[in-house]
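Okay, so here's the structure we're looking at.
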Ligand code: MG
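Numbering (my numbering), first residue to last: 23 to 279.
Pasting the structure below:
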């Protein structure tokens, strides 16, 4: 199932499913770009509703340097345990957002990431049980203000500015997303990042066990699993697409005031 939250033409927020025209679950290309949205017996044209973020996280727990090729391009060592930081709820942005980036910065980067959406409240989860708390997967962009990230220990300015985490367009149930799912990012149609879920240094089950050693995860919380090689700067008017195999295609634009 591909779950989508949206505001219908009357203004009501609904939780529906994203389907192909024939009623089967939307494939990677369709979720976010076509098909139809179903709520109960009603069908909606995706272009006629506002697509909202597919979940409402109380926090996004982000993992840094979780792909060896990205650690290398950042001149960083691969850490011996997951590097964790938070993005608060103000960072959530939805499919088709135009995101105003902080003004006066030299470099704000895109980072394509696989987002793990939490199904049920949990703490101290054993690695062997970890996949039981996964509702599904979504696409996420970890927008990163390098000017300030490189000047501070706690990346509030660098990572937690408003709308610094576009997510969506759907939460795809785990069975849709293969272990080697492709993760790709394009800027203005040009491929910039291309990797797979199996390249993660710390796999999802290990991340869940480590994170819940320290904090409680709530339903709808998201774990951003890190970005592969190919991060780069964004410029005024850029259009960003993140495509994850089995999930869909998340699109947003940026403007720089
Ligand atoms: Mg990141």
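The beta carbon of each residue, even a glycine, is placed where N, CA and C say it ideally should be.
These are the residues, in chain order, with a beta carbon less than 5 angstroms from any non-hydrogen atom of the ligand MG: 133, 164 and 249. The region 257-270 makes no contact with the region 143-155; the number of CB pairs closer than 8 angstroms stays below 3. A contact between stretches requires three or more CB pairs, one per stretch, nearer than 8 angstroms, and the region 96-107 fails this requirement with the region 193-211. With a beta-carbon spacing of about 5 angstroms, residue 188 and residue 274 fall inside the 8 angstroms limit used to define contacts. Residue pairing for residue 109: DSSP places it in a beta bridge opposite 82.
Annotated as distal: residue 246 and residue 169, with beta-carbon spacing of 8 angstroms or more. Residue 132 is classed as buried because its beta carbon has at least 16 other beta carbons within 10 Å across all chains shown. Where residue 259 is concerned, there is no enclosing alpha helix (DSSP H), because DSSP gives it neither an H nor an E.
In the DSSP assignment, residue 271 falls within the unbroken beta strand (DSSP E) covering 270-277. By the 16-neighbour rule on beta-carbons within 10 angstroms, residue 43 is exposed. Collapsing the DSSP output to three states places residue 226 in a helix.
Pairing residue 196 with residue 141, the inter-Cα distance amounts to about 11 angstroms. Secondary structure of residue 25 (DSSP, three-state): strand. Closest in C-alpha terms to residue 254, from the list 242, 239, 190 and 128, comes 128. Short of 7 angstroms from the beta carbon of residue 177, and not among the five residues preceding or following it, lie these beta carbons of its own chain, in chain order: 107 and 171.
Between residue 135 and residue 204 a beta carbon distance of about 13 angstroms is seen, past the 8 angstroms cut, so the two are scored as non-contacting.
The continuous alpha helix (DSSP H) containing residue 180 extends over residues 178-181. Closest by C-alpha distance to residue 235, out of 144, 249 and 226, is 144. Residue 213 sits exposed, since fewer than 16 C-beta atoms from the chains shown fall within 10 Å of its C-beta.
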